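Asker: Same order as they appear, the protein sequences are chains A and G. So in this note's numbering, spot 310 of the first sequence is number 338, and the numbers just go up one at a time. So in this note's numbering, spot 27 of the second sequence is number 55, and the numbers just go up one at a time. For glycine and all other residues, C-beta sits at the position ideal for the given N, C-alpha and C. No experiment lies behind these values; they were computed from the predicted model shown.
There are 2 protein chains.
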Amino acid sequence: MIENEIISLIKNADRIAILPHVSADGDAMGSSLALALALKKLNKKPMIYFEEEMPSIYGFLPGRELVRIYDEKPDKYGLVIALDTGDMERLGKRAAIFNDAGITVNIDHHPTNTQFGQVNLVNTDSAAVGEMIYRLIEMMGINIDKDMATCLYVAIATDTGGFRYSNTTPVTHRITADLINNGVDVSYISQTVFETVSLPKVKLMGKAIENLELFENGKLAIIKITDDLLKSVGAKEEDCDGIVNIGRNIEGVEVAVVIRQRAGGELKINFRSKNYVDVSVIANRHSGGGHKRAAGCTIKCGINEAKEMLIKEIREVL
Amino acid sequence: MIENEIISLIKNADRIAILPHVSADGDAMGSSLALALALKKLNKKPMIYFEEEMPSIYGFLPGRELVRIYDEKPDKYGLVIALDTGDMERLGKRAAIFNDAGITVNIDHHPTNTQFGQVNLVNTDSAAVGEMIYRLIEMMGINIDKDMATCLYVAIATDTGGFRYSNTTPVTHRITADLINNGVDVSYISQTVFETVSLPKVKLMGKAIENLELFENGKLAIIKITDDLLKSVGAKEEDCDGIVNIGRNIEGVEVAVVIRQRAGGELKINFRSKNYVDVSVIANRHSGGGHKRAAGCTIKCGINEAKEMLIKEIREVL
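This is how it looks when you write it as structure tokens:
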């Protein structure tokens, strides 16, 4: 069993580096912190390297003292563990740490994982890497304390969209039951991670709703976001994430589109569908890509021209 | 054990009426439908009476053929079971069915329950009555099929705010694991119940954001909603539910207030706080009530006058 091999590597190691993927999300961060806290209990010397600063909403996570933002290559690590990382590219500059390691381990749940480690534990049935780390910590015979439980809870809750995505399994809920049993503050974490929104983002949502237009008997929702609009509310590019869901979540809407006009005139298009339209087909037509229910592409033309073109294309599949 | 007493009453009954509380929510509806479906498996004749029509977002719930909207008092039932109902008043007009029953059972989780049944099963540790019905169905030796699991999942997921409220326990998650094992479509239900919003409600949210004002260094958010504003977006009174959370969820906000001006000039005030302010104190000052983090009151004065007064009062506790 690969888990046992990894545990034996850990037991024989001293300094251990943990590498989540670039732009670490809740699962990447929570899994890394939980594993590092567990390794401390075994008197190991773990260190987590992030590519960027941690987003402020995750500031409450225990174990932050074990995190370094990557600056220059540290001394060689005997064991390096990549977490939630599908391929080497997703390690960014920290690939230098990975390539310099005594031995490398790759723990992940992405179906596209390239098995880039010397030892690879890839479980695509796991909703989150947090589930895999939970199991590993249990197998090492370490009691999951409140701090580890908090990190694992964040990992699992975020990667399942708060237990709402189809990747949520009975195992997800059974593990979560145990984590809450170990002291997780469910309401504080949920409020902080899922409900807190910055003022510019809220204002952007307001403007997006103001601009929202419905077509095709309310089955198609289109939102346009220009640079001027972003500036007018002090919002950043990343605040546009998720705006497309405002349209998709409206009763009766099947396809939602966000047309984001960027400096230089390029249009970034974001598609979402609810039940039956395959939006990846439309995105592909414009050299984009994605999944049936979420896709995107880039178009070079005027914003209104793009709108009319997309209405026509989507009309045919509604 | 009271559960056994209830099971024996069920086994000896033929026609059984189930009564959720007025304005039935997800837990009241889901628990009622799951229990009725289970009783069918025992070859009983269950019927659920609702006070009002079911909200359309719950239209997918199995067992709807066992629901009647109360019109006039039906023939006497040997056994009547009230679900999720704190007191007789919450039965509305259907108290007539309850009062006419051979024997009455009251299954609930509200701490304020008045023990109004002949047999009372009140478990305040349960996050949802759905948890209690799950246990009862298991104790009756009935296999929980996909339909019952779907109803119980909706009951539990809604009363825990999607597993986010502090009432969510390890038991909640363990039961949910089992329900998913029995075939619940997590992603469809989550999308339908938690994410679908009507167009007027989305537009009202947009207007609310437009009107939102911050005071006291961004710690106090106030939103004003007039009748004209409601009309302008075609929204109904109930669409105002939850608008106060838009303010509360903003980063840095501690207290959020919605001032709802109603025809006749009366102001309905809604308070929410995030971490430390006890808003029930302010609501009480104006003859209102509620909890530390959620309270309300009614004030008779001009909308701007009320705003200035509330800013002053809240400033002192921020």
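1) Would HIS49(G) pass as a contact of ASP112(G) if the rule is Cβ separation under 7 Å?
2) Where do the ends of the alpha helix (DSSP H) carrying PRO198(G) lie?
3) Where does GLN219(A) sit, in a helix, a strand or coil, going by DSSP?
4) What are the boundary residues of the alpha helix (DSSP H) that includes ASN273(G)?
5) Here's a check: name, in chain order, each residue in its chain whose Cβ is nearer than 7 Å to the Cβ of GLY214(G), leaving out the five neighbours to either side.
6) Of all the CB atoms in chain G, is at least one closer than 7 Å to the CB of ALA177(A)?
7) Going along chain G in order, which residues have a C-beta closer than 7 Å to the C-beta of SER429(A)?
8) State yes or no: is the beta carbon of TYR181(A) nearer than 7 Å to at least one beta carbon in chain G?
9) For a contact defined as C-beta to C-beta under 9 Å, what are the partners of GLY190(G) on chain A?
10) Out of curiosity, what's the CA-to-CA distance linking VAL283(G) and SER301(G)?
11) Are the CB atoms of ASN134(G) and ALA110(G) nearer to each other than 7 Å?
12) Who pairs with PHE78(A) in a beta bridge, going by DSSP?
13) Along chain A, which residues have their Cβ under 7 Å away from the Cβ of SER215(G)?
14) At the level of alpha carbons, what is the spacing between THR254(G) and ILE327(G)?
15) Taking all protein chains shown into account, decide if THR152(A) is buried (16 or more other Cβ within 10 angstroms of its Cβ) or exposed.
16) If we cut at 7 Å on Cβ distances, does PRO83(A) have a partner in chain G?
17) For GLU244(G), which beta-bridge partners are listed by DSSP?
18) Can you give me the C-alpha to C-alpha distance between ARG343(G) and GLY234(A), rounded to a whole angstrom?
19) How about ILE253(A): is its C-beta nearer than 7 Å to some C-beta of chain B?
20) Just curious, the alpha helix (DSSP H) that LYS340(A) is in, first and last residue?
21) Could you tell me whether the Cβ of GLU244(G) comes closer than 7 Å to any Cβ of chain A?
22) Could you work out which residues of chain A lie near ALA52(G), taking near to mean beta carbons separated by less than 8 Å?
23) According to DSSP, which residues form a beta bridge with GLY318(G)?
24) Could you tell me the distance, in whole angstroms, from the CA atom of ILE161(G) to the CA atom of LEU180(A)?
25) Please report the straight-line C-alpha distance between GLY130(A) and ARG122(A), rounded to a whole angstrom.
26) Since I believe THR188(G) is in contact with THR196(G) (beta carbons under 8 Å), could you give me their beta-carbon distance rounded to a whole number of angstroms?
27) Please report how far the alpha carbon of LEU37(G) lies from the alpha carbon of ILE251(A), in whole angstroms.
28) Residues in its own chain within less than 7 Å of ALA220(G) by CB, not counting five upstream and five downstream?
29) Between which two residues does the alpha helix (DSSP H) harbouring LEU37(G) extend?
30) So for PRO48(A), helix, strand or coil by DSSP?
31) What in chain A is Cβ-close to GLU238(G), meaning under 8 Å?
32) Can you tell me where the alpha helix (DSSP H) with ARG347(A) in it begins and where it stops?
33) Taking the alpha helix (DSSP H) that ASN127(G) falls in, what are its first and last residues?
34) Buried or exposed: where does VAL309(A) fall if 16 or more other Cβ atoms within 10 Å of its Cβ makes it buried?
35) Ordered along the chain, which non-local residues of its own chain (more than five positions away) have a Cβ less than 6 Å from that of VAL272(G)?
36) Does the beta carbon of ILE208(A) come closer than 7 Å to any beta carbon on chain G?
Answerer: Put simply:
1) Here HIS49(G) is near ASP112(G), since their CB atoms are less than 7 Å apart.
2) Where PRO198(G) is concerned, the enclosing alpha helix (DSSP H) stretches over 198-209.
3) helix
4) 271-276
5) The residue asked about is misnamed: residue 214(G) is Val in this sequence, not Gly. Closer than 7 Å at the Cβ level, and outside the excluded window around VAL214(G), lie ILE208.
6) Put simply, the CB of ALA177(A) is far from chain G, with every gap to its CB atoms at 7 Å or more.
7) Any property of residue 429(A) remains undetermined from this structure, which presents chain A solely from 29 to 346.
8) no
9) GLY190, PHE191, ARG192, SER218 and PHE222
10) 4 Å
11) yes
12) ILE97(A)
13) ARG192, TYR193 and SER194
14) CA-CA distance, THR254(G) to ILE327(G), rounds to 14 Å.
15) exposed
16) no
17) Per DSSP, none; premise fails for GLU244(G).
18) 27 Å
19) No chain B appears in this structure, whose protein chains are A and G.
20) Unbroken alpha helix (DSSP H) run through LYS340(A): 331-343.
21) no
22) Correct list: empty, because the minimum Cβ distance to chain A is about 20 Å.
23) ALA323(G)
24) When rounded, the separation of the alpha-carbon atoms in ILE161(G) and LEU180(A) is 30 Å.
25) 15 Å
26) 5 Å
27) 57 Å
28) The question names Ala, but residue 220(G) is Thr in the sequence shown. Around THR220(G): ILE85 and PHE88.
29) 30-40
30) strand
31) GLY234 and GLU238
32) Any question about residue 347(A) goes unanswered here, given that chain A covers just 29 to 346.
33) 123-127
34) exposed
35) Its chain contains ALA284, VAL286, ASN298 and ARG300 as the residues whose beta carbon lies nearer than 6 Å to that of VAL272(G), once the 5 sequence neighbours on both sides are disregarded; these appear in chain order.
36) yes
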